[in-house]
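The structure under discussion appears below in the form of structure tokens.
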Amino acid sequence: MEKIDKLDRKILSIIMRNARIPSKDVATECGVSRAAVHQRIQRLIDMNVIVGSGYRVNPKILGYRTCTYIGLKLEKGSMYKLVVPELLRIPEVIECHFTTGPYTMMCKLYARDNEHLMELVNGKIQDIPGVAETETLISLEESFSREIPVEQKAIIDNENSFKEE
Numbered sequence: 386m387e388k389i390d391k392l393d394r395k396i397l398s399i400i401m402r403n404a405r406i407p408s409k410d411v412a413t414e415c416g417v418s419r420a421a422v423h424q425r426i427q428r429l430i431d432m433n434v435i436v437g438s439g440y441r442v443n444p445k446i447l448g449y450r451t452c453t454y455i456g457l458k459l460e461k462g463s464m465y466k467l468v469v470p471e472l473l474r475i476p477e478v479i480e481c482h483f484t485t486g487p488y489t490m491m492c493k494l495y496a497r498d499n500e501h502l503m504e505l506v507n508g509k510i511q512d513i514p515g516v517a518e519t520e521t522l523i524s525l526e527e528s529f530s531r532e533i534p535v536e537q538k539a540i541i542d543n544e545n546s547f548k549e550e
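Here my numbering is used: the first residue of the sequence shown is 386, the next is one more, and so on.
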């Protein structure tokens, strides 16, 4: 089992705040060499702790002004394996979760406006075979969005699940 130590957590905290920060600045803040930072980041990638990188784009600036969560009830829960590939064909759907509770699945999507949202829900999502019912919840405002904190002590086992240290 590989451990995530204090230095790993500090590096993660820094790069999660600003993925574009130069390695030399991370190294300076952590009191280690640039090479050590590169090695640690690569190890965290290899361990699947870091699972991606990129830029967050403001959907509103691109014309997507309506953020929506849609609860989907399927005819049978096992149909989610058939529904997911169909949802992947709809680029405005940016997240999809298989859930417990009143919905079989919960999706997050962005639409240009309410007309576009109606087209997506009525003309695409509800037409997917297996989708029995939908409920649309429009987000009025995103209060915050953040990553999970990395300050807790954790270790990773061979199946890449976190455990308390």
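Note that CB positions come from ideal geometry on N, CA and C, so glycine has one too.
Check                                                                                                                       : Outcome
The region 489-504 touching the region 447-454, judged by at least three CB pairs closer than 8 angstroms                   : yes
Alpha carbon of residue 470 to alpha carbon of residue 415, nearest angstrom                                                : 43 angstroms
Residue 536 versus residue 393 - alpha carbon distance                                                                      : 10 angstroms
The region 437-448 touching the region 460-476, judged by at least three CB pairs closer than 8 angstroms                   : no
Selected residue, minimal CA-CA separation from residue 433, among 421, 485, 387 and 411                                    : 387
Sequence-distant residues of the same chain with beta carbon closer than 7 angstroms to residue 425, five excluded per side : 392, 393 and 396
Extent of the continuous alpha helix (DSSP H) to which residue 508 belongs                                                  : 499-508
Residue from 465, 420 and 417 whose Cα sits closest to the Cα of residue 485                                                : 465
Rounded straight-line distance, which links the Cα of residue 409 to that of residue 418                                    : 8 angstroms
Simplified DSSP state of residue 456, which is helix, strand or coil                                                        : strand
For residue 530 and residue 398, the rounded distance between their alpha carbons                                           : 15 angstroms
Outcome for residue 477 when other beta-carbon atoms lying within 10 angstroms are tallied against a minimum of 16          : buried
First through last residue of the alpha helix (DSSP H) which encompasses residue 399                                        : 391-402
Supposed close pair residue 521, residue 506 - CB separation, criterion 8 angstroms                                         : 6 angstroms
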